[in-house]
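Single-structure report; data block below.
Residue numbers (the working numbering), protein chains in the order written: chain A, 1 to 96; chain B, 1 to 143.
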């Protein structure tokens, strides 16, 4: 038996994860686990919580190594916030 | 005791030299990364740098909110950062547009660093170093 790996665009993984969160998880998690990171397997709907984002992701991967995961922070629009921006530069500061 | 020294450049950007790799430490490379205390993650890295460092993105995602209000879908993967002789694993966020590596608050937390800034330099100190600084300060103020 062979297994096919279904490729999804990042935008589609995000949309699927956000939909699961909005429809099935938000009401519960925003009461019980505000501020925690949640990794949602977009194929099964299973979710895994962690204090750190890599903890939540590792739990999801342990349960389903080939699952597609969308990582969120309970109660926040995005899991991560960035304040710095210097998009006019052209190359990373690599030490070569 | 560990004290890592970074520099603040002429645009007031704090830069720290780090080593970065995915799962194979043999592929690690040194970068000067921007320390962004307004970033709550571990490391944001230009996607174009990742393949050479052995960082593989299996399709997992997250969303990043920028100061401009933009919200973008980003790929994520696990990787490692080395500072002097310390190494910590953490979550890497792939950034398509920015050429900079960004270190955030999760980086400081995972290494258990305390940040001290002075003139055009900054220092990241571990607990042992902070204890020594406390002792020196007490000696100076005579308490």
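Note that CB positions come from ideal geometry on N, CA and C, so glycine has one too.
{"query": "Taking any Cβ of chain A, which residues in the segment 5-23 of chain B have a Cβ under 9 Å from it, in chain order?", "result": "11, 13, 15, 17"}
{"query": "What do you get for residue 17 of chain A, buried or exposed, if any count of 16 or more other CB atoms within 10 angstroms of its CB means buried?", "result": "buried"}
{"query": "Tell me whether residue 96 of chain B, by its Cβ, gets closer than 7 Å to a heavy atom of the ligand MG.", "result": "Because no ligand of any kind appears in the structure shown, any question about the ligand MG cannot be addressed here."}
{"query": "Could you tell me the distance, in whole angstroms, from the CA atom of residue 20 of chain A to the CA atom of residue 94 of chain B?", "result": "23 Å"}
{"query": "Taking 8 Å as the threshold, find out whether the segment 62-69 of chain B comes into contact with the segment 81-90 of chain B through three or more Cβ pairs.", "result": "no"}
{"query": "Compare the C-beta of residue 25 of chain A against all C-beta atoms of chain B and say whether one is closer than 8 Å.", "result": "no"}
{"query": "Relative to the C-alpha of residue 37 of chain B, which candidate in B:127, B:115, B:131 has its C-alpha closest?", "result": "B:115"}
{"query": "With a cut-off of 8 Å, does the C-beta of residue 33 of chain A fall near any C-beta of chain B?", "result": "no"}
{"query": "Near residue 123 of chain B, what residues of its chain come up, given a Cβ to Cβ distance below 6 Å and the 5 sequence neighbours on each side ignored?", "result": "3, 5, 116"}
{"query": "If you measure from the beta carbon of residue 62 of chain A to each beta carbon in chain B, is any gap under 8 Å?", "result": "no"}
{"query": "As a quick exercise: from A:85, A:10, A:32, A:29, pick the residue whose alpha carbon is nearest that of residue 68 of chain B.", "result": "A:85"}
{"query": "Roughly how many angstroms lie between the CA atoms of residue 65 of chain A and residue 141 of chain B, to the nearest whole one?", "result": "56 Å"}
{"query": "Return the residue from the list B:24, B:50, B:34 that minimises the CA-CA distance to residue 11 of chain B.", "result": "B:34"}
{"query": "At a CB distance below 8 Å, what residues from the segment 73-87 of chain B approach chain A? Give them in sequence order.", "result": "73, 74, 75, 76, 78"}
{"query": "For residue 19 of chain A and chain D, any beta-carbon pair shorter than 8 Å?", "result": "The structure shown contains no chain D; its protein chains are A and B."}
{"query": "Specify, as a first and last residue, the run of the beta strand (DSSP E) that residue 41 of chain A falls within.", "result": "37-41"}
{"query": "Report, in whole angstroms, the separation of the C-beta atoms of residue 71 of chain A and residue 42 of chain A, which I expect to be a contact under 8 Å.", "result": "Not confirmed; about 11 Å, so no contact."}
{"query": "Between the segment 23-33 of chain A and the segment 50-57 of chain A, do three or more beta carbon pairs fall short of 8 Å?", "result": "no"}
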